[in-house]
Structure formats: C-alpha cells, structure tokens
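Participant: In full-length UniProt numbering, the protein residues as written are 1 to 402.
Using N, Cα and C, we set each Cβ at its ideal position, and we do this for glycine too.
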Amino acid sequence: MSLEQFIHFTTDAGEPDIVSSRSHVLVCCVANRMLWLVIQVGLERLLRLVQALLQIATSYPLLLRLITSLRQNGGGSSGRSSSGSPVPTHLILAGARERINMGRRFFRVFRSVDFFHAAHGLYAGLFAQAGTQAAPADEKTAEQQAADATTSQQAQPASPARRSRGLDTWLDAFSRTFNGLYLLVEASTLLDFMDVDGLAGWGPVTAHRLHVEGQRYWFLALACSLAATLVRVRYLARDVPVPALSDAAQQANTGSPLVDDADGDDGDGDGDGDGDGDDSNNGTEDDDGKREKRDERLQQERARLRRIVHDRMAQRRAWRKALRARLFVLSRRALADGLDLVVPGSVVGWVHVQPGTVGLAMLVTTLLTGWEVWERCGREVEAAAAAAVAAAEQEKSTTKLD
C-alpha cells in the first residue's frame, strides 16, 4: 500500500504520474486526477460502500435503535428540521442514502460511451475472425472445401478451449452492450431523479418505467458476465500457458554425455592380438581408464537428468501458481456478479429479497470489486514508476554520451 496507489484508486483515471518527491506526487496527482472526474471508478465505489452501509442501517430495527440512542446521547441541534421538530433517524439515513445514490449517478453519466466502445471492439474482432474464411467461388470449390473440412475434423477434432474462447467473447460483448444500455437509460432519467420542481424530462410515471427497464438491462449484463466467467473457469487449465524454460536452462539440459561415450568406444579394440605380458598389463590399465570415464559420464548423465526433473518441477509449480492466481481472480469476479444480481433483480421483481439483504449484497460486491480495482491501480502505479526510472536512466546515459 502506498500514497500513489491510494490517489490512483480514489480517482482511477489515466496513467499515474510518478515523480521523485512524495509531496510533489500528492500535488501533481491530485491536480491531474481532478481534471478527469468523469471516470472516477474508485471514488464511485467508495460512495457505493457508504450507500450500502446506510441501506443496511435503515433495514434492521436493532441498528436503527442503536443509532437513535447515539444521536440522543450526543445532543446538539442536529437531527431537527427547519421548524425545530425532531426528525426520525430512519428518515435522516434514508435521505442521506438517496443523496449519495444521486451523487453516484453523476459519475456514470458518460460511462455508457466506454461500454459501447468496448462492445464495438469485441464485435469487430469476432466478425473479422469470422470473415477470414473467404466464400468459395463456385459449387465445385465449395464441395472441395467441405470435404477438406470434414477430413480435417476427423483427423483432429476442434479443441473445446478454442470453442470456449469464442463463446466467452460473445458473452463479454453482450454484457458490455447491456451495460451500455443500462447506463444510457439511467443517464436519460437524471433530471427526473434530481427531484427539482419544473425540471423533469419524462415525468414520474415514464421515469419510473425507464428506471425499471434500465435495471433489467443491468441484470442481463451481470448474467452474461457471470456466464462468461464460468466458461473461462471451465477451460482455465487450457488457457493458462505453461511458463517456458530459459535459454540457458534449455542449453544446459541438451546433449547427453553417454552419446559421446558411445562414439569414443567405436575406435577401441583395434589390434592383432599378439604381444607379451606388458601388453596385457597395458590392456588392463586401458580398461580401468575406460571404466572410470564411463562412470564419470554416467554421473554427468544422472546430474543432467536431475536438472531436467528439477526444472520441470519448478516449471510445474510456476504454472500451478499462475493457475491458482487466475482462478482466484475469476472466482472473485463470479461471486461479485452473482451477488450483484440481487440488486437489479429486486427492483425488476425477479428476485424476492428483503431490503437488508440487498444492502448486504451491495456491501460484499463493493468490497470485492473495489479490491480488484485497488490491485489494478497498484499495478499501474508500479508500471508507471518503473517506466519513469527507465526513462531517467536513459536520459542520464544520453547526457553522459553527449
């Protein structure tokens, strides 16, 4: 955890600016992020967390009585209307919750453009991939291509992982499209939900109907996102690549000493078989030398095989570590999408739960999605810091050469 990561999390806009002085970081980063309030995802999640807590507090009588007793013990003039009469606690909390919900809407006014742009990119990639297969010029060519395709499928069936990549991409595109529609409908009712006399775009009846339709789009977006995540989990082992060995390790493990030993033995044993006792003694010494060399090469081969096994085990451990990390991210995302279905489902009427349950679901999903954004902001801050250090070193080297 660092100051730069917290600043980037609360604004979540663009690439972070990393400089040497921490005080300079605070001034520069805050000034830059305040220019990009439109896409402050991290701050919007913090407001959503407060809204979820207020939703929980207004849904359970025990918490309401506790907050009321704290207000009464605190004293003062807070909690009274303009006429001086006391205001019930649940009205204060409900009013604060609605104001925070209204404030969050302003952060999402133009987010539909981002989702539509992302969906357009996914659709373009899918249709471009489908268009790579050119149409045949005549019926004979079509029959030949069909025969070749049948033979290819019989020889090598299509991989389930390859089919899953297209499926999860389509689901992602649908999810982003529905999210864009939800945010577009929500932005169109912003004036009505401001509840200003004489300032309304649709009227109360139409605005409520559009609000329900927007929640339905959000429900479909979450369902598609959940389905895409489950597809990725299903084929996770095929999608996570095995880490490759380094060039030095591959070079060290290639070549067997026993091959050289076999090549060297081909030239031995040449002679006419004549000689005296000295020749027999020399032959015995040669056999002992060959045996020692063979034993040495056997030891080298055993060491090489042990290195291969060790490298393969390390490679396997690294793959399992990457697999567990990816599975954790996907499981967290699936859990967040599944719990988030409660929020729009309760508005549409597809999920029947109490308001307190909706608040608890909002609280958990806010923490899960905020955790993911926090980690992403940390990676971006570290990447920007590394890029700044590399640029500074390159500038120093250029200055020295000049």
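Check whether the stretch 202-213 touches the stretch 324-336, counting contact only when three or more Cβ pairs, one atom from each stretch, lie closer than 8 Å.
Facilitator: Under the 8 Å Cβ criterion, the stretch 202-213 does not count as touching the stretch 324-336, having fewer than three qualifying pairs.
Participant: My understanding is that L220 touches T189, with C-beta atoms under 8 Å, so please give their C-beta distance in whole angstroms.
Facilitator: In fact, because the Cβ distance is near 18 Å, the residues do not count as touching under 8 Å.
Participant: Report the option in I100, Q72 and A318 whose CA atom is closest to the CA atom of P88.
Facilitator: Q72
Participant: From what residue to what residue does the alpha helix (DSSP H) around D197 run?
Facilitator: From DSSP, D197 is part of no alpha helix (DSSP H); its letter is neither H nor E.
Participant: Helix or strand or just coil, what does DSSP make of Y235?
Facilitator: If DSSP states are grouped into helix, strand and coil, Y235 belongs with coil.
Participant: How many Å lie between L181 and A318 at the Cα?
Facilitator: Rounded to whole angstroms, L181 to A318 spans 41 Å at the Cα level.
Participant: Exposed or buried, E292, counting other C-beta atoms within 10 Å across all chains shown (16 or more means buried)?
Facilitator: exposed
Participant: Starting from residue 415 and walking both ways along the alpha helix (DSSP H), at which residues does that stretch end?
Facilitator: Residue 415 cannot be examined here, being either before or after the span of the chain that is shown, 1 to 402.
Participant: Should R108 and L183 be called a contact, given that it needs their Cβ atoms to be closer than 8 Å?
Facilitator: Cβ atoms of R108 and L183: closer than 8 Å.
Participant: Going by alpha carbons, who is nearest to S112 out of N101, E186, R65 and L91?
Facilitator: The residue among N101, E186, R65 and L91 with its C-alpha nearest the C-alpha of S112 is E186.
Participant: Would you call T398 buried or exposed, if buried means 16 or more other Cβ atoms sit within 10 Å of its Cβ?
Facilitator: exposed
Participant: Assign H338 to one of three DSSP states: helix, strand, or coil.
Facilitator: Checking the sequence shown, residue 338 turns out to be Gly, not His. Assignment of G338 by DSSP, reduced to helix, strand and coil, places it in the helix class.
Participant: Could you pull the start and end residues of the alpha helix (DSSP H) that G370 belongs to?
Facilitator: P355 to L401
Participant: Is it true that the CB of D168 sits closer than 8 Å to the CB of H124?
Facilitator: A small correction: the amino acid at residue 124 is Ala; His does not occupy that position in the sequence shown. Contact: no.
Participant: Quick one: is E44 buried, meaning 16 or more other Cβ sit within 10 Å of its Cβ, or exposed?
Facilitator: Under a 10 Å Cβ-count criterion, E44 is classified as buried, with 16 or more other Cβ atoms of the shown protein chains found around its own Cβ.
Participant: CB-CB under 6 Å to Y217, same chain, minus the five flanking residues each way: which ones, in chain order?
Facilitator: F178, L181 and Y182
Participant: For D287, does the count of other Cβ atoms within 10 angstroms reach 16, so buried, or fall short, so exposed?
Facilitator: exposed
Participant: Tell me the DSSP secondary structure of W319 in three-state form.
Facilitator: helix
Participant: Taking 8 Å as the cut-off, decide whether the C-beta atoms of I92 and Q51 are in contact.
Facilitator: no
Participant: Mind checking whether V309 and L339 have CB atoms under 8 Å apart?
Facilitator: Contact: no.
Participant: Taking the CB atoms as reference points, tell me whether R176 and L122 lie closer together than 8 Å.
Facilitator: yes
Participant: What is the rounded straight-line gap between the Cα of L66 and the Cα of L360?
Facilitator: 18 Å
Participant: So, is residue 403 buried or exposed, given that buried needs 16 or more other C-beta atoms within 10 angstroms?
Facilitator: The chain is shown from 1 up to 402; residue 403 falls before or after that span and cannot be answered.
Participant: Let me know the secondary structure DSSP gives H310 once reduced to three states.
Facilitator: helix
Participant: Between V196, A94, R320 and K290, which lies nearest to D239 when the distance is taken from Cα to Cα?
Facilitator: R320
Participant: What is the rounded straight-line gap between the Cα of Q300 and the Cα of K290?
Facilitator: 15 Å
Participant: Alpha carbon to alpha carbon, how far is L222 from A392? Give it in angstroms, no decimals.
Facilitator: A392 and L222 have their C-alpha atoms some 44 Å from each other.
Participant: Please report the Cβ distance between A173 and L126, rounded to the nearest whole angstrom; I am assuming they are in contact, meaning their Cβ atoms lie under 8 Å.
Facilitator: Yes, A173 and L126 are in contact; Cβ-Cβ is about 7 Å, under 8 Å.
Participant: Helix, strand or coil for T68? Go by DSSP, reduced to three states.
Facilitator: The answer is helix: DSSP assigns T68 an H, G or I state.
Participant: On a CA-only basis, which of A244, A94 and W170 is nearest Q315? Give me that one, please.
Facilitator: A244
Participant: Buried or exposed: where does C377 fall if 16 or more other Cβ atoms within 10 Å of its Cβ makes it buried?
Facilitator: buried
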